[in-house]
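Worksheet: one structure, shown below.
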Amino acid sequence: MKRILFVCTKNAARSQIAEGLLKLLGKAEYEVSSAGLEEAPEVHPLAITVLRERGFDSSGMYSKKIDEELLKQEFDLVVTVCDHAKDNCPLFPKAKKTIHWSVRDPAKKKGTYYELLEAFRKIRRELEKQIKSDIIDRL
Numbered sequence: 049m050k051r052i053l054f055v056c057t058k059n060a061a062r063s064q065i066a067e068g069l070l071k072l073l074g075k076a077e078y079e080v081s082s083a084g085l086e087e088a089p090e091v092h093p094l095a096i097t098v099l100r101e102r103g104f105d106s107s108g109m110y111s112k113k114i115d116e117e118l119l120k121q122e123f124d125l126v127v128t129v130c131d132h133a134k135d136n137c138p139l140f141p142k143a144k145k146t147i148h149w150s151v152r153d154p155a156k157k158k159g160t161y162y163e164l165l166e167a168f169r170k171i172r173r174e175l176e177k178q179i180k181s182d183i184i185d186r187l
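The following block contains the structure:
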């Protein structure tokens, strides 16, 4: 079983969506987790919404911060999903491979509820495409 970690700034949207999608798409082939440089008070409600739209059971999702225990773990792949995480993420010495995806933060979008929801859906589609091409088809 391959161990994958997704990292972003607060572990509230992008890395959570990526974690949920790989759990959904990769079935039992992957042990997937996510974490942030900081801990958000909650997972963004629209991140939960767009995962539920794809059939993912989002119960139990919560924001997690990178800590010493996480840094000691072995991962087959660590994926930073935002530029801030790429530039500021501590090294994972036991990671076999680290890659970066520059994904915009949908939570920073301004607009109506429906415009924000569409921004989250767009990021979900982008992450799903990246997961299929960079992880499922290659790892």
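In my numbering, the protein residues as written are 49 to 187. In this text, a Cβ means the ideal position worked out from N, Cα and C, and glycines have one as well.
Cα-Cα separation, residue i to residue j
{"i": "LYS158", "j": "LEU164", "result": "7 Å"}
{"i": "PRO138", "j": "GLU86", "result": "12 Å"}
{"i": "PHE54", "j": "LYS75", "result": "17 Å"}
{"i": "ARG173", "j": "GLU116", "result": "32 Å"}
{"i": "VAL126", "j": "ASP185", "result": "16 Å"}
{"i": "LEU118", "j": "GLU166", "result": "33 Å"}
{"i": "LEU69", "j": "GLU176", "result": "7 Å"}
{"i": "LYS144", "j": "ASP124", "result": "5 Å"}
{"i": "VAL80", "j": "LYS120", "result": "16 Å"}
{"i": "LEU187", "j": "GLU67", "result": "16 Å"}
Given residue i as reference, the closest of the options once Cα atoms are compared
{"i": "ALA95", "options": "ILE171, LEU125 and CYS56", "result": "ILE171"}
{"i": "ARG100", "options": "PRO154, ARG169, PRO141 and VAL129", "result": "ARG169"}
{"i": "TYR161", "options": "PRO93, LYS134 and ARG152", "result": "PRO93"}
{"i": "SER111", "options": "ILE179, MET49 and THR57", "result": "THR57"}
{"i": "SER107", "options": "SER150, THR97 and ILE114", "result": "THR97"}
{"i": "ARG152", "options": "ILE114, HIS132 and ASN136", "result": "HIS132"}
{"i": "ASP135", "options": "SER150, LYS142 and ASP182", "result": "SER150"}
{"i": "ILE147", "options": "ILE114, SER181 and GLU77", "result": "SER181"}
{"i": "VAL90", "options": "GLN178, LYS156, ASN59 and PRO141", "result": "The identity of residue 90 in the sequence shown is Glu, whereas the question assumes Val. Residue ASN59 is the option with its Cα nearest to GLU90."}
Bridge partners - residue i, DSSP secondary structure assignment
{"i": "ALA143", "result": "PHE123"}
{"i": "GLY84", "result": "CYS56 and LYS113"}
{"i": "THR128", "result": "VAL55 and HIS148"}
{"i": "GLU79", "result": "ARG51"}
Whole-Å CB distance - residue i paired with residue j, under 8 Å assumed
{"i": "VAL129", "j": "ARG51", "result": "VAL129 to ARG51, Cβ: 17 Å. No contact."}
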